[in-house]
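The next block holds one structure in the form of structure tokens; read it before the comments.
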Amino acid sequence: MTPRSAGRPRSFDQEEALRHAAHLFWKHGYSGTTTRMLAQELGISGSSLYAAFGTKADLFDTAVRTYARRYSAIYARALRQPTTEGAISHLLRESAREFTRTEDGQPGCLTTSAVMSDASPTLDVRTFVADLQNTDEALLRRRLEGAWHELAPADAASSPDLSELVLTVWHGLSVRADLGASREQLLCAVDAALDLITGALPCDAHRDDGGRL
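Number 376 marks the last residue of the sequence shown (my numbering); no jumps.
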């Protein structure tokens with residue numbers, strides 16, 4: 164009979180394990196989450212945990228990077244929308260849905276939560292998240308500035324002001340979700356914000372021109 168190899172069981176689902184781990188970090192903070200808590204939550208032994216992810220800091224790093232890329236993917240899909248209005252709407256609506264994924268556990272945005280400043284071992288991933296967010300936000304600003312450069316009248320709201328408003332709403336959605344706001348409440352807030360934002364857009368920014376705006 165062939166002896167069973169040590170390590171994680173065959174049924175181990177790494178993606179699901181990362182979600183569970185992220186929720187523990189969200190709930191208890193990096194410092195308040197122990198290796199024993201992680202092993203119990205993931206349903207594996209401590210040795211299997213180390214074999215799969217390395218140290219607690221390694222697991223935190225992997226979980227945060229995974230969630231950061233999910234948020235970044237929303238930006239990418241939004242910026243592929245054919246109109247500026249559509250891009251802003253997609254970004255805010257899909258983010259509101261992502262922040263209220265109650266089937267996944269903890270609401271809110273992991274990368275903007277207090278856990279990100281919890282302990283020194285999180286410094287590397289915090290830098291990664293900051294760089295990724297800065298890149299995504301710069302792409303959004305460039306998209307808005309491109310629309311304004313060609314279409315906006317002289318007295319229209321400036322694109323830096325508008326992009327700052329959009330980003331402020333985005334971060335506000337994550338905070339409100341973390342405080343317990345429902346998906347319905349966040350989507351109502353998005354509707355109100357979009358009424359204000361799209362009212363400030365140049366009229367041609369509402370049209371479909373093959374993706375330019």
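Note that the Cβ used here is the ideal one computed from N, Cα and C, for glycine as well.
1. Between residue 187 and residue 196, is the Cβ-Cβ spacing less than 7 Å?
2. Quick one, which of 215, 206, 255 has its alpha-carbon nearest residue 351's?
3. Taking C-beta to C-beta, are residue 231 and residue 241 nearer than 7 Å?
4. Thinking just about the alpha-carbon of each residue, which of 181, 292, 262 is nearest to the one in residue 212?
5. Quick check: what's the CA-CA separation for residue 257 versus residue 264?
6. Just verifying my parser: in three-state terms, what is the DSSP assignment at residue 348?
7. Go to residue 177, then tell me how far its alpha helix (DSSP H) extends in each direction, as first and last residue.
8. Near residue 276, what residues of its chain come up, given a Cβ to Cβ distance below 7 Å and the 5 sequence neighbours on each side ignored?
9. Give me, in chain order, the residues of the same chain whose beta-carbon lies closer than 7 Å to that of residue 328; leave out the 5 immediate sequence neighbours on both sides.
10. Report buried or exposed for residue 246, applying the criterion of at least 16 other Cβ atoms within 10 angstroms of its Cβ.
11. Ordered along the chain, which non-local residues of its own chain (more than five positions away) have a Cβ less than 8 Å from that of residue 208?
12. Could you check the C-alpha separation between residue 273 and residue 178 for me, to the nearest Å?
13. Could you check which residue in 192, 270, 191, 205 has the C-alpha nearest to that of residue 183?
14. List the whole-angstrom C-beta distance separating residue 294 from residue 238, where the pair is believed to meet the contact cut-off of C-beta under 8 Å.
15. Looking only at its own chain, which residues have a Cβ that is under 7 Å from the Cβ of residue 259, when we skip the five neighbours before and after it?
16. Enumerated in chain order, which unbroken segments of the alpha helix (DSSP H) with a length of 4 residues or greater are wholly contained in the segment 207-294?
17. Under 8 Å by Cβ, that's how I've got residue 216 and residue 225 pegged, so tell me the actual separation to the nearest angstrom.
18. Taking C-alpha atoms, which residue in 292, 214, 262 lies nearest to residue 339?
19. Candidates 286, 292, 362, 326: which alpha carbon is nearest residue 233's?
20. What first and last residue would you give for the alpha helix (DSSP H) that runs through residue 201?
So, to answer that:
1. Result yes, Cβ atoms of residue 187 and residue 196 sit closer than 7 Å.
2. The shortest CA-to-CA distance from residue 351 to any of 215, 206, 255 is the one to 255.
3. For the pair residue 231 and residue 241, the CB atoms are not nearer than the 7 Å cut-off.
4. By alpha-carbon distance to residue 212, the top candidate from 181, 292, 262 is 181.
5. Going by the C-alpha atoms only, they are around 11 Å apart.
6. DSSP places residue 348 in helix when its eight states are reduced to three.
7. For residue 177, the enclosing alpha helix (DSSP H) begins and ends at 177-195.
8. These residues qualify, in order along the chain: 189, 341.
9. Excluding sequence neighbours, residue 328 sits near 360.
10. By the neighbour-count definition (other C-beta atoms within 10 Å, threshold 16), residue 246 is a buried residue.
11. Its chain contains 202 as the residues whose beta carbon lies nearer than 8 Å to that of residue 208, once the 5 sequence neighbours on both sides are disregarded; these appear in chain order.
12. Approximately 16 Å, taken between the alpha carbons.
13. Of the candidates 192, 270, 191, 205, the one whose C-alpha sits nearest the C-alpha of residue 183 is 205.
14. The beta-carbon separation of residue 294 and residue 238, rounded to 14 Å, does not stay under the 8 Å limit for a contact.
15. Sequence-distant Cβ neighbours of residue 259 in its own chain, meaning closer than 7 Å and more than five residues away, are 336, 346, 349, 350, 353.
16. Secondary structure within the segment 207-294: the alpha helix (DSSP H) runs of 4 or more consecutive residues, fully enclosed, are 209-216, 219-242, 247-262 (chain order).
17. Between residue 225 and residue 216 the Cβ distance is about 6 Å, and since that is below 8 Å, they are a contact.
18. That would be 262, whose Cα lies nearest to the Cα of residue 339.
19. Nearest neighbour of residue 233 by Cα position, chosen from 286, 292, 362, 326, turns out to be 292.
20. From DSSP, the alpha helix (DSSP H) with residue 201 extends over 198-205.
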